[in-house]
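Heads up: the structure comes next, in structure tokens.
Numbering (mature numbering (1 follows the signal peptide of the UniProt record, and there is no 0)), first residue to last: -20 to -1, 1 to 417.
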């Protein structure tokens, strides 16, 4: 029993020698080490680098070539020769509509990736808070389970003593033992839940976090909703990063139609070239003289696609269908966002009332337990009543704890849906934490 209690205390994070980490501490580590955020950051960097690739097509394309050839002639003027040459060419696009359109599309895609990164940063704030408060909730659950188990153990010991002196029946002992056994099983389950929550938190940073600051329940007070659901929806319409990302995607899809249509347009390129060829004839094989030929060229190359088997028209139709898909995806996501926002708003609103209700429930359950224990001592209440009242008290405490954390997380979720979640929100929450004594 002592070993089990010690293990539970370690899980709960009791240690006078270890520095407890705050929510902000965990977030700062996650911001540097979270693989999901780092992946999105790399994708964003790649998207912006692609702008350079797209813009490169606007610049001159320069190439250098060299060759060596051996010639042998068997006619009357037979000879053998070796020709070496080198050349340089420059091609500059004068009119290629696709190049400029593709550059603009690439820039917008990079902008979308930047929005995606900001969205992931906001998401990390919520994910960190969820993992952090999951640990605190599991710690509270284990703490209440241990307290319930300890209270039921005392009740079992007392009932056993009363039975030993003939003051109660064996059924009371059995009832007390059954309740205690259930409490032990519940403690084991909550220990497992806490261990799993530690692992979920570790995924964010790659580091184990066992000692965390806890919520200062004496100072904690849920704020009242100062804005209506429709006002929150208006904020989401203006600031939702998910919607902004899909609006850009829709705009890109529209431009992809115009890009596909450029397959019908002519192109015009400026071409410059210079090459030098040197011919070396074998001695005594011909009257020809060794020599160098230098050439330079300048010109315009015009190309007009006349027929490509219908490929260009097919690409245009594909782009049109993709635009419809992007438009419908935006509408679908907007409706989903609207539903999520109202749901999250209602959850926050309900959380405020739930906290107040559970606060009163704890007071009532505590009073009920005291009265039931007194009634049991004088014989007006049964052991079952005492056991039930004990369990109800710790159940009410657990529900109150969960309600506080749910309020915090529901508020963050609402702000994320509206696109206004920031590190300041974490800082405000962090100010309401204290180090567990």
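Don't be surprised by glycine CBs; every beta carbon is placed ideally from N, CA and C.
Could you tell me the distance, in whole angstroms, from the CA atom of residue 67 to the CA atom of residue 221?
Locating residue 67 in the chain shown gives position 87, counting from the first residue. Locating residue 221 in the chain shown gives position 241, counting from the first residue. If I take the Cα positions, the gap works out to 52 angstroms.
Delimiting residues of the beta strand (DSSP E) encompassing residue 251
As a working note, residue 251 is residue 271 in the chain shown. In the DSSP assignment, residue 251 falls within the unbroken beta strand (DSSP E) covering 247 to 261.
Where does residue 415 land, buried or exposed, given buried means 16+ other C-beta within 10 angstroms?
Residue 415 sits at position 435 when you count from the first residue of the chain shown. Answer is exposed; the Cβ neighbour count stays below 16.
Through-space distance from residue 356 to residue 147, alpha-carbon basis:
The residue labelled residue 147 in the question sits at position 167 within the chain shown. The residue labelled residue 356 in the question sits at position 376 within the chain shown. C-alpha separation (whole angstroms): 12 angstroms.
Would residue 129 be called buried (16 or more neighbouring beta carbons within 10 Å of its own) or exposed?
Within the chain shown, the letter at position 149 stands for residue 129. Looking at its Cβ environment, which holds 16 or more other Cβ atoms inside 10 Å, residue 129 is buried.
Cα separation between residue 36 and residue 79?
To locate residue 36, count along the chain shown from 1; it is residue 56. To locate residue 79, count along the chain shown from 1; it is residue 99. A straight line joining the alpha-carbon of residue 36 with that of residue 79 spans about 9 angstroms.
Can you give me the Cβ contacts of residue 237 inside the same chain, cut-off strictly under 8 angstroms, excluding the 5 residues immediately before and after it?
Locating residue 237 in the chain shown gives position 257, counting from the first residue. So the qualifying residues of the chain are 296, 299, 300 and 303.
With DSSP run on the structure shown, which of helix, strand or coil describes residue -16?
Within the chain shown, numbered from 1, the residue matching residue -16 stands at position 5. Residue confidence is low: residue -16 scores 49 on pLDDT, short of 50, so the model does not pin down where it sits. Its coordinate-derived value is still stated next. In the three-state DSSP reduction, residue -16 falls in the helix class (H, G or I).
What separation, rounded to the nearest whole angstrom, lies between the Cα atoms of residue 157 and residue 124?
Taking the first residue of the chain shown as position 1, residue 157 is located at position 177. Taking the first residue of the chain shown as position 1, residue 124 is located at position 144. About 19 angstroms.
Out of 371, 328, 358 and 315, state which residue places its alpha-carbon closest to the alpha-carbon of residue 342.
Residue 342 sits at position 362 when you count from the first residue of the chain shown. The candidate whose alpha carbon is nearest that of residue 342 is 371.
In whole angstroms, what separates the C-alpha of residue 1 from that of residue 199?
Numbered from its first residue, the chain shown carries residue 1 at position 21. Numbered from its first residue, the chain shown carries residue 199 at position 219. Near 19 angstroms, if we compare the C-alpha coordinates of residue 199 and residue 1.
Check residue 143 in the structure and name its three-state DSSP category.
Counting from one through the chain shown, the residue named residue 143 turns up at place 163. The DSSP-derived three-state label of residue 143 is helix.
Our contact map puts residue 173 next to residue 127 with C-beta atoms below 8 angstroms; I'd like the distance itself, whole angstroms only.
Here residue 173 refers to the residue found at position 193 of the chain shown. Here residue 127 refers to the residue found at position 147 of the chain shown. With a Cβ gap of about 16 angstroms, residue 173 and residue 127 do not count as contacting.
Along the chain, where does the beta strand (DSSP E) that runs through residue 50 open and close?
Residue 50 sits at position 70 when you count from the first residue of the chain shown. Counting along the chain, residue 50 sits inside the beta strand (DSSP E) bounded by residues 41 to 53.
For residue 199, which of helix, strand or coil comes out of DSSP?
Sequence index remark: in the chain shown, residue 199 carries index 219 (1-based). Taken through DSSP and simplified to helix, strand or coil, residue 199 comes out as coil.
Using DSSP bridges, identify the partner residues of residue 62.
One-based indexing of the chain shown puts residue 62 at position 82. Looking at the DSSP assignment, residue 62 forms a beta bridge with 50 and 260.
For residue 333, which of helix, strand or coil comes out of DSSP?
Within the chain shown, numbered from 1, the residue matching residue 333 stands at position 353. Here residue 333 sits in helix by DSSP.
Enclosing alpha helix (DSSP H) for residue 367 [first to last residue]
Within the chain shown, the letter at position 387 stands for residue 367. For residue 367, the enclosing alpha helix (DSSP H) starts and ends at 363 to 398.
Between which two residues does the beta strand (DSSP E) holding residue 280 run?
The residue labelled residue 280 in the question sits at position 300 within the chain shown. Looking at the DSSP string, the run of the beta strand (DSSP E) that includes residue 280 is 271 to 283.
Evaluate residue 184 with the Cβ neighbour count: other Cβ atoms within 10 Å of its Cβ, from every protein chain shown; 16 or more gives buried, anything less gives exposed.
Working through the chain shown from its first residue, we reach residue 184 at position 204. Under this definition residue 184 is a buried residue.
Between which two residues does the alpha helix (DSSP H) carrying residue 36 extend?
The count along the chain shown starts at 1 and reaches residue 36 at position 56. 15 to 36 is the span of the alpha helix (DSSP H), which, as asked, contains residue 36.
Per-residue DSSP class, three states only, for residue -11
Against the chain shown, residue -11 aligns to sequence position 10. Bear in mind that a pLDDT of 49 at residue -11, under 50, signals an unreliable position, so the number given afterwards is only what the model happens to contain. Note: residue -11 maps to helix in three-state DSSP.
Would you mind working out which of 336, 180 and 197 sits nearest residue 190, comparing C-alpha positions?
For the purposes of this step, residue 190 is identified with residue 210 of the chain shown, where counting begins at 1. When 336, 180 and 197 are compared, the shortest CA-CA separation from residue 190 is found for 180.
Which residues in the same chain as residue 224 place their Cβ atom closer than 7 angstroms to its Cβ, once the five residues preceding and following it in sequence are excluded?
Translated into the one-based positions of the chain shown, residue 224 becomes position 244. Hits under 7 angstroms: 95.
CA-CA distance, residue 60 and residue 269?
Here residue 60 corresponds to residue number 80 of the chain shown, with the count starting at 1. Here residue 269 corresponds to residue number 289 of the chain shown, with the count starting at 1. If you draw a straight line from the Cα of residue 60 to the Cα of residue 269, it is about 12 angstroms long.
Taking the beta carbon of residue -19 as the centre, do at least 16 other beta carbons fall within 10 Å, making it buried, or is it exposed?
The count along the chain shown starts at 1 and reaches residue -19 at position 2. Confidence at residue -19 is low in this model, with a pLDDT of 48, below 50, so the placement of that residue should be treated as unreliable; the coordinate-derived value is given next. A residue is called buried once 16 or more other Cβ atoms fall within 10 Å of its Cβ, and residue -19, having fewer, is exposed.
Should residue 397 go down as buried or exposed, given a rule of 16 or more other Cβ atoms within 10 Å for buried?
Residue mapping note: residue 397 aligns to position 417 of the chain shown, counting from 1. When all chains shown are included, residue 397 counts as buried.
Does residue 1 come out as helix, strand or coil in the three-state DSSP assignment?
As a working mapping, residue 1 is identified with position 21 in the chain shown. Three-state result, residue 1: strand.
Helix, strand or coil at residue 149 according to DSSP, with G and I counted as helix
Taking the first residue of the chain shown as position 1, residue 149 is located at position 169. DSSP places residue 149 outside both helix and strand once states are collapsed to three, so it counts as coil.
Close beta carbons around residue 338, own chain, < 7 angstroms, minus the five adjacent residues each side:
As a working note, residue 338 is residue 358 in the chain shown. Correct list, in chain order: 376, 379, 380 and 383.
Given a threshold of 16 other Cβ atoms within 10 Å of its Cβ, counted over all protein chains shown, does residue 282 qualify as buried or as exposed?
Here residue 282 corresponds to residue number 302 of the chain shown, with the count starting at 1. The C-beta of residue 282 has fewer than 16 other C-beta atoms within 10 Å across all chains shown, which makes the residue exposed.
Quick test of your reading: residue 4 and residue 367, contact by CB under 8 angstroms. State the CB separation rounded to the nearest angstrom.
Taking the chain shown and counting its residues from 1, one reaches residue 4 at position 24. Taking the chain shown and counting its residues from 1, one reaches residue 367 at position 387. That belief does not hold up - the Cβ atoms of residue 4 and residue 367 are roughly 42 angstroms apart, past 8 angstroms.
Does the beta-carbon distance from residue 86 to residue 34 come in below 8 angstroms?
Indexing the chain shown from 1 puts residue 86 at position 106. Indexing the chain shown from 1 puts residue 34 at position 54. In contact: residue 86 and residue 34 (Cβ atoms closer than 8 angstroms).
Please report the distance separating the alpha-carbon of residue 139 from that of residue 203.
For the purposes of this step, residue 139 is identified with residue 159 of the chain shown, where counting begins at 1. For the purposes of this step, residue 203 is identified with residue 223 of the chain shown, where counting begins at 1. Their Cα atoms are separated by approximately 45 angstroms.
Can you have a look at residue 151 and say buried or exposed, based on whether 16 or more other CB atoms are within 10 angstroms of its CB?
In the chain shown, residue 151 corresponds to position 171, counting from 1. Burial is judged here by how many other beta carbons sit within 10 angstroms of a residue's own beta carbon; residue 151 has fewer than 16 and is exposed.
Flag this pair as touching only if the region 246 to 263 and the region 303 to 314 have three or more C-beta atom pairs under 8 angstroms; answer yes or no.
No, they do not touch.
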